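Counting with the UniProt record's numbering, you get residues 1 to 126 for the letters of the sequence shown.
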Amino acid sequence: MNDRDARRRFNLQDGDCPVFYGVYEFYQLYAGASISAARELTRGRFDIAINWSGGLHHARRSHASGFCYVNDVVLAILELHESHYVTRPSSFCSQFLTIFSSVSSSSSSFLLFVFLRVFLADSLQL
1 MNDRDARRRF
11 NLQDGDCPVF
21 YGVYEFYQLY
31 AGASISAARE
41 LTRGRFDIAI
51 NWSGGLHHAR
61 RSHASGFCYV
71 NDVVLAILEL
81 HESHYVTRPS
91 SFCSQFLTIF
101 SSVSSSSSSF
111 LLFVFLRVFL
121 ADSLQL
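Put into structure tokens, the structure is as follows:
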């Protein structure tokens, strides 16, 4: 696969997901912040963790979308699952993600906070 085909496949073209200098470092930072927030909650270091730059939920498993290169919300949820602090059924998670994906991106950070708060409430006695 050449560079042009790869950009097309992963939706890294001009438009809503352009390639720019530092794009890799950019999504490492915002996705890493969401993962770190989830990790700090599960370790009990904090009761509340918010990544104000996160909530970039338009990205798909195999391509960027809607100015979102990596879906940091899913990565944070996976971190919660790995820690075994998750006590809610997976159906709860999928229902929340359906609601989450239908709201405007300006509400994403707040909803990520609400999700983490609700999702972990039983485990962390929040």
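Glycine included, each C-beta is placed from N, C-alpha and C at the ideal position.
Fair warning: this is a prediction, and the values are worked out from it, not measured in the lab.
What does DSSP give as the partner residues of residue i in its beta bridges?
i, result
"Cys68", "Ser65"
Quick one: is residue i buried, meaning 16 or more other Cβ sit within 10 Å of its Cβ, or exposed?
i, result
"Ser104", "Confidence in Ser104 is poor, its pLDDT being 49 and thus under 50, which makes the residue's placement unreliable; the coordinate value appears in the next sentence. Result: exposed."
"Ser62", "exposed"
Is the Cβ-Cβ distance between residue i and residue j less than 7 Å?
i, j, result
"Ala64", "Leu12", "yes"
"Arg45", "Glu79", "no"
"Asn51", "Ala37", "yes"
"Val74", "Tyr27", "no"
"Gly16", "Gly54", "Correcting the residue type first, residue 16 is Asp in the shown sequence and not Gly. It is not a contact, given that the beta carbons lie outside the stated cut-off."
Looking at the secondary structure, which residues open and close the alpha helix (DSSP H) in which residue i lies?
i, result
"Gln28", "Val23 to Thr42"
"Arg4", "Asp3 to Arg9"
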